[in-house]
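A short worksheet on the structure shown next.
In the numbering used here, the protein residues as written are -16 to 298.
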């Protein structure tokens, strides 16, 4: 943000009116104090007053044209005593609204014009160097005050932008977490329902192609179909329940569930030889879940693509 312009891009509010009024009154009071000691007379005196009026009126335009106001007020300060207050306000304004290098240039110009002012308003009691020193102190104070306000505004703007970035990053992280949850949910539904529906397909196919099967066998197959359908609905409820639970609470099958998986396949007529040597306590939850899904997917694929083939499961 270094070198950026910091200025209000909004309509003047009550606080702005109060500040501008205070600076306007300061410019008038400071100018009148300087004017009270002027040695000018005649038309020179009238020109001094006119310059002061122009400078003080410019205070009301300082927010819109800070640099132009500073240049005009500083140039008039080389001649006019009554514009001196407006010149101080101009230095303050340009320090608030323009980069430091511009402020330094205007401040240096104002200081260089002090000897010209001293030549017109000669006062034997005050040496030119002392007058330049006094003017320098006033100018530095005005510029320092303006720079402090500018830096505070820049800091507030930086904090606001940082807060907005933090909110945006949090939103993106939430969207990413949602996307990952959806992908995990989709994988879960594919694994769970694919296995159950393949069992249903096998038994339904048996009922369809063996209409003359004994009643006991038909009843057994129908019972397996009913049980598989019920279990499929139960699994679907568990998976869909994730939508109501915090992210990360997906159903987590364990290695101890593998024998039941094998038993279901055997009841469906598959020949499965299974050997599970590892217990739940020896395997992290994530690894156990992965092993379970691999076995489940393998049994499902064997049932779909190699019916009647003996399947071996070793964990």
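Backbone N, C-alpha and C define an ideal beta-carbon position, used for all residues, glycine too. This structure is a prediction, so every number in the text was calculated from the model and none was measured.
Residue 241 - DSSP class collapsed to helix/strand/coil: helix
Exposed unless 16 or more other CB atoms sit within 10 angstroms - verdict on residue 35: buried
Inter-residue Cα distance where the pair is residue 124 and residue 164: 59 angstroms
8 angstroms Cβ cutoff met for residue 96 and residue 57: yes
N- and C-terminal bounds of the beta strand (DSSP E) containing residue 258: 255 to 258
Residue 217 burial status per 10 Å Cβ neighbour count (16 or more: buried): exposed
Test item: CB-CB of residue 50 and residue 72 under 8 angstroms: no
Through-space distance from residue 195 to residue 215, alpha-carbon basis: 28 angstroms
Beta-carbon proximity check, residue 283 vs residue 177, cutoff 8 angstroms: yes
Within 8 angstroms, strictly: CB atoms of residue 94 and residue 119: Contact annotation: residue 94 and residue 119 have beta-carbon atoms nearer than 8 angstroms.
Three-state class that DSSP yields for residue 208 in the structure shown: helix
Every unbroken alpha helix (DSSP H) inside the stretch 68 to 103 [4 residues or more]: 83 to 95, 97 to 103
Inter-stretch contact at 8 angstroms, needing at least 3 Cβ pairs: the stretch 25 to 42 / the stretch 84 to 91: no
Residue 3 beta carbon less than 8 angstroms from that of residue 54: no
Simplified DSSP state of residue 33, which is helix, strand or coil: helix
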